[in-house]
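Data block below; observations after.
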Amino acid sequence: MGLHILVINSGSSSIKFSLIEVNTQKTIISGLAEKLGLEKAILHTKYNGETQTIDLEKNNHETAMQAILKTLGEKGLGKEITAVGHRVVHGGEYFSSSTIITPEVLKAIEKCVPYAPLHNPANLIGITGALQAVPELPQVAVFDTAFHQSLPQHAYLYAVPMEWYKEHGVRRYGFHGISYRFVMQEAAKSLQIPLENSAFVCAHLGNGASITAILNGKSVDTSMGFTPLEGLVMGTRSGDLDPALIGYLSDVLKKDAHEIVDMLNKKSGLLGLSGLSNDMRELEAASAKGDEHAKMAIEIFVFRLAKYIAAMSVSLPRVDALIFTGGIGENSASLRKKVLERLAVLGYFVDEAANNETTRGKSGLISNQQSKKAIVINTNEELMIAMDTAALVKS
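Quick note on my numbering: the sequence shown kicks off at 1081 and runs consecutively.
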């Protein structure tokens, strides 16, 4: 029997799960417990092509974890679980790779809570819930930040007093590392390039968006920083701006710095610019109907992304391929075309037919024969977590 890994991604108000058979890379069952902490929590599961939804008796993470494991048991899948793999957003400087969870590992994840106050507490709830429910199974933490621990000092240090870094951990950490690791491996296979001799600029574009320069399988520069707020324009996050704005807005809006940062995280980006939505699909539809705010939001997103692609290229000796991934990167052909048109100065030119065909789960080249290579790769963070967990359990 192959290894069956239960992958848990516990968020502040949800738990995503999937049971993956590692040898075949197939997802046997998946689901989402959502609206946790709100009035009415529910659990959706997808198994054998059928979707089922149940109400949860209580709206907390512990109840959701119990319901997930009960569902697996009812379908005869509980005893098949070999190990549990957990997505953890922030591992600080403690972790440069995935690791078996021990009491010491839990303490280190807790120490990173101030760096990711929305994410790490939720990740810890998912871990402790699983440890209580299936204490006999090995459990593994897979970190979003670990991939970026290879950043050189000139890429991760900010130009601020050094004691801020030494005493308070102020530095660039980077995120989306699980996705980048999966995508770079798939891109190297697709392009028949050895990963250990490769140079990629990779844009992970979803509601959260970032971009990373990857040399020989290692992160050498990335756009997200101390928190995921830095870098590109995102669904609800502003990305880069003048930090002096926080003091100015605090004065004129009569709000404290934390409230301003909260608005920059939750009410800015595409949502703030358009006044309509943080969803690129809705904005593209509105733009096509003549909505000027939606059109402007898309153009600003594209402009910032193209600038960052050019900047990331400087971190590499060459660029073997520009990679698009994530929900927007994989599915918005019109946005990819706009980005490549802005990058003509760097030698990128779109193949319109190939670009239009590469959506809804398809990967492939979208650049023409005269162009430097641009490719779409579908990410699979759950499979990457499962593969890491399986490798640690085997060893």
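The C-beta atom is built at its ideal place from N, Cα and C for all residues, glycine as well.
Exercise. Per DSSP, which residues does H1124 bridge with? Please list them.
Key: L1112, T1133
Quiz item: Should G1311 and S1290 be called a contact, given that it needs their Cβ atoms to be closer than 7 Å?
Solution: yes
Quiz item: Using 8 Å as the threshold, is the stretch 1146-1166 in touch with the stretch 1099-1119, meaning 3 or more CB pairs across them?
Solution: yes
Quiz item: Should S1348 and A1374 be called a contact, given that it needs their Cβ atoms to be closer than 7 Å?
Solution: no
Quiz item: Of all the options K1453, K1126, E1119, N1448, which has the alpha carbon lying nearest to the alpha carbon of A1279?
Solution: K1453
Exercise. Could you tell me whether the Cβ atoms of R1422 and A1391 are closer together than 7 Å?
Key: no
Exercise. Report back the beta-carbon spacing between L1118 and S1094 to the nearest angstrom; my notes put them in contact at under 8 Å.
Key: The Cβ separation is near 10 Å, so there is no contact.
Quiz item: By how many angstroms is the C-alpha of T1104 removed from the C-alpha of A1434?
Solution: 29 Å
Quiz item: Taking just the CA atoms, how far does A1283 sit from G1444?
Solution: 15 Å
Exercise. Determine the extent of the alpha helix (DSSP H) in which S1090 is found, giving its start and end residues.
Key: Note, S1090: premise wrong, no alpha helix (DSSP H); beta strand (DSSP E) at 1084-1090.
Exercise. Taking S1318 as the reference, give the member of D1331, M1304, G1158, S1330 with the closest Cα.
Key: M1304
Quiz prompt | Alpha carbon of F1255 to alpha carbon of N1448, nearest angstrom | solution = 31 Å
Quiz item: DSSP three-state call for K1442: helix, strand or coil?
Solution: coil
Quiz item: Is it the case that the Cβ atoms of V1281 and R1384 are separated by a distance below 7 Å?
Solution: no
Practice problem: Check whether the Cβ atoms of A1424 and L1083 lie closer than 7 Å to each other. | Solution: no
Quiz item: Under 7 Å, do I1122 and T1133 count as touching if we go by C-beta distance?
Solution: yes
Practice problem: Could you tell me which of I1161, E1114, I1403 sits nearest to A1210, measuring between CA atoms? | Solution: I1161
Self-check item: With 16 other Cβ atoms within 10 Å as the buried cut-off, status of T1292
Solution: buried
Practice problem: Spatial neighbours of Y1174 within its chain, please: CB distance less than 6 Å, with the 5 preceding and 5 following residues excluded, ordered by chain position. | Solution: A1188
Quiz item: Can you tell which of M1242, L1309, I1294 has its C-alpha closest to the C-alpha of P1197?
Solution: L1309
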